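My numbering applies: residue 34 is where the sequence shown begins, and numbers increase by one. Written out below as structure tokens is the structure these notes cover.
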Amino acid sequence: HIANLDPKELRQLTENARACHADPLYEAAGEELAKRAPVDVLRNASSDVLAEIVDRHVEKRQRRIQELAVVTSNGKLLIYDTATGSCLQTVHAHNSAIVCVAFSFDSSMIATASSDHTVRLWNA
34 HIANLDPKEL RQLTENARAC HADPLYEAAG EELAKRAPVD VLRNASSDVL
84 AEIVDRHVEK RQRRIQELAV VTSNGKLLIY DTATGSCLQT VHAHNSAIVC
134 VAFSFDSSMI ATASSDHTVR LWNA
């Protein structure tokens, strides 16, 4: 039973299922991760896993511009328009360095993880 796994086991199962293309198991483990989502499970997840969880469980919207997410050692998230190079948004996302950032596949959400042991989701 997936619901009985501790966070580390669930995270490992999700990443192994993804690597082995075991889609039904990956989807079930991903749904359980999304239920538990906050820090305890996602803190050490890879950026690919974060992006897939966001993509599967967050409402999608159309995007017209391509954006680049840049993070800083002091916890800022900067969003740039790649066509113009202009900064679209600056977010004081965390209290310390951001160590992982990932867009959802439809680019509507951004997941950030920080050395302050928090994971946060942002509308892109």
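A virtual CB, placed ideally from N, CA and C, is assigned to each residue, including glycine. No experiment lies behind these values; they were computed from the predicted model shown.
Need the endpoints of the alpha helix (DSSP H) that residue i sits in, please.
| i | result |
| --- | --- |
| Thr47 | Pro40 to Ala52 |
Along the chain, where does the beta strand (DSSP E) containing residue i start, and where does it finish?
| i | result |
| --- | --- |
| Thr123 | Cys120 to His125 |
| Ala102 | Glu100 to Val104 |
| Ser137 | No beta strand (DSSP E) holds Ser137; DSSP gives it neither H nor E. |
| Asn156 | Val152 to Asn156 |
| Thr117 | Counting along the chain, Thr117 falls outside any beta strand (DSSP E), and DSSP gives it neither H nor E. |
| Ser79 | Taken as a continuous stretch (DSSP letters only), Ser79 belongs to no beta strand (DSSP E), as it is neither H nor E. |
Strictly by DSSP, which residues pair up with residue i?
| i | result |
| --- | --- |
| Asn128 | In the DSSP output, where bridge partners are listed per residue, Asn128 has none listed. |
If I measure Cβ to Cβ from residue i and keep anything under 6 Å in the same chain, skipping five residues before and after, which residues do I get?
| i | result |
| --- | --- |
| Arg143 | Contrary to the premise, residue 143 reads as Ile rather than Arg in this sequence. Cβ within range, chain order: Ala102, Phe136, Trp155 and Ala157. |
Give me the Cα-Cα distance between residue i and residue j, rounded to the nearest whole angstrom.
| i | j | result |
| --- | --- | --- |
| Glu212 | Thr145 | With the chain covering 34 to 157 only, the question about residue 212 has no answer from this structure. |
| Ala84 | Ala36 | 21 Å |
Ignore the nearest five residues each way along the sequence and tell me which others in residue i's own chain have a CB closer than 7 Å to its CB.
| i | result |
| --- | --- |
| Ser129 | Gly108, Ser147, Ser148 and Asp149 |
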